[in-house]
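Numbering (the numbering used here), first residue to last: 128 to 441.
Even glycine gets a Cβ: it sits at the ideal position worked out from N, Cα and C.
Report on one structure; see the data block that follows.
This is the structure we're talking about:
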């Protein structure tokens with residue numbers, strides 16, 4: 128670990144362990160969102176930014192995730208799996224955090240640089256999501272699935288930042304909707320994701336799209352009042368607006384827009400005067416940034432094709 132990374136990690140740990148206890152620091156609104164505000168938001172941003180380079184955690188050759196999943200499969204009841212999760216996932220989370228704190232304290236006392244342990248297991252986030260799905264799908268117990276998420280969320284700030292990832296939030300959203308039809312709970316989860324900088328991926332968008340379809344049939348079948356329908360539509364619109372805002376933020380950060388290719392194609396006038404069998408002129412044209420069978424800015428009209436080929440068009 129470089130000197131710069133050591134300083135960043137030291138600063139983050141100082142912020143973590145100097146933060147007041149959640150019970151005294153949070154307001155009722157903060158508790159509803161699941162996090163504190165103020166300088167803790169900056170902490171979340173830093174931790175999430177520096178937690179992403181754990182690329183080797185996604186490497187199947189590490190075998191860590193496979194070993195944990197195999198151990199999970201040996202549990203025969205949901206109670207046995209819950210005890211295993213407490214021992215092998217959440218207690219391990221505490222150990223990682225305690226070891227990191229001790230190592231940083233020792234490095235600060237000695238000065239210079241030192242190899243520091245990770246704040247959390249590289250598969251912690253994947254384990255939280257996998258546990259939630261296992262309880263929801265295999266054991267048909269969505270309540271324990273929700274408990275797993277909330278336990279990781281309340282265990283510590285580090286546990287929340289590293290464990291309650293996009294995968295875990297997707298499981299939370301899907302559990303709240305498919306098992307409880309909890310529209311307000313889904314909205315709260317999406318708000319937490321946006322506030323705390325958790326990326327919203329394509330799976331979350333698909334879940335929300337399926338919610339819209341489900342809500343349409345549910346309200347019609349149940350004969351909901353007009354006021355109730357308006358309330359549901361407002362909540363759904365708020366959720367979609369939040370998700371759309373994350374897409375816009377991503378486009379601004381990357382400098383890329385999903386519609387950018389349309390503008391690039393519309394500016395390309397190099398193929399407007401093309402003709403059949405004129406391959407030399409086509410080869411001399413600069414290539415465009417778009418892909419596909421036709422790369423020009425517009426397709427020739429039917430009259431143009433008829434006049435050039437000398438054959439009727441049907």
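Following the DSSP letters along the chain, one finds residue 284 inside the alpha helix (DSSP H) bounded by residues 284–290. Residue 311 places its beta carbon 8 Å or farther from that of residue 372.
Following the DSSP letters along the chain, one finds residue 297 inside the alpha helix (DSSP H) bounded by residues 293–305. Between the alpha carbons of residue 364 and residue 276 lies a distance of about 25 Å.
Under the three-state reduction of DSSP, residue 269 is assigned to helix. Burial is judged here by how many other beta carbons sit within 10 angstroms of a residue's own beta carbon; residue 278 has at least 16 and is buried. By the neighbour-count criterion, in which a residue is buried when 16 or more other Cβ atoms sit within 10 angstroms of its Cβ, residue 204 is exposed. In this structure, the straight-line span from the alpha carbon of residue 246 to that of residue 266 is close to 31 Å. For residue 271 and residue 315, the gap between their C-alpha atoms comes out near 19 Å. Annotation for residue 228: the continuous alpha helix (DSSP H) segment containing it runs 218–237.
With contacts defined by Cβ atoms closer than 8 Å, residue 328 and residue 302 do not form a contacting pair. Within its own chain, the residues whose Cβ lies closer than 7 Å to the Cβ of residue 342, once the five positions on either side in sequence are excluded, are 359 and 363, listed in chain order.
Counting only unbroken stretches of 3 or more residues, no beta strand (DSSP E) element lies wholly within the stretch 188–212. In this structure, the CA atom of residue 320 is about 24 Å from the CA atom of residue 221. Assigned with DSSP and collapsed to three states, residue 360 falls in helix.
Annotated as proximal: residue 306 and residue 263, with beta-carbon spacing under 8 Å. Of the other Cβ atoms in all chains shown, 16 or more fall within 10 Å of the Cβ of residue 253; this residue is therefore buried. Looking at the backbone, the Cα of residue 202 and that of residue 211 are separated by about 8 Å. In the DSSP assignment, residue 310 falls within the unbroken alpha helix (DSSP H) covering 310–322. For residue 256, the enclosing alpha helix (DSSP H) has its first and last residue at 251–260.
Closest in C-alpha terms to residue 216, from the list 237, 257 and 317, comes 257. Contact check for residue 255 against residue 192 fails: the beta carbons are separated by 8 Å or more.
In the three-state reduction of the DSSP assignment, residue 240 falls in the coil class, being assigned neither a helical nor a strand state. Taking C-beta atoms under 8 Å as the contact rule, residue 297 and residue 335 fail to qualify, at a distance of about 11 Å.
Apart from the 5 residues on each side of it in sequence, residue 227 sits with its Cβ closer than 6 Å to the Cβ of 244 and 246 in its chain, given in chain order.
The beta carbons of residue 318 and residue 369 sit closer together than 8 Å. When 300, 355, 339 and 344 are compared, the shortest CA-CA separation from residue 330 is found for 300. Counting only the Cα atoms, residue 285 lies some 16 Å from residue 230.
Distances from the alpha-carbon of residue 289 to those of 340, 326, 234 and 235 put 326 closest. Apart from sequence neighbours up to five positions away, the residues of its chain that approach residue 295 with a beta-carbon distance below 8 Å are 252, 255, 256, 259, 276 and 279, ordered along the chain. Nearest to residue 225 by alpha-carbon distance, out of 322, 332, 356 and 283, is 283.
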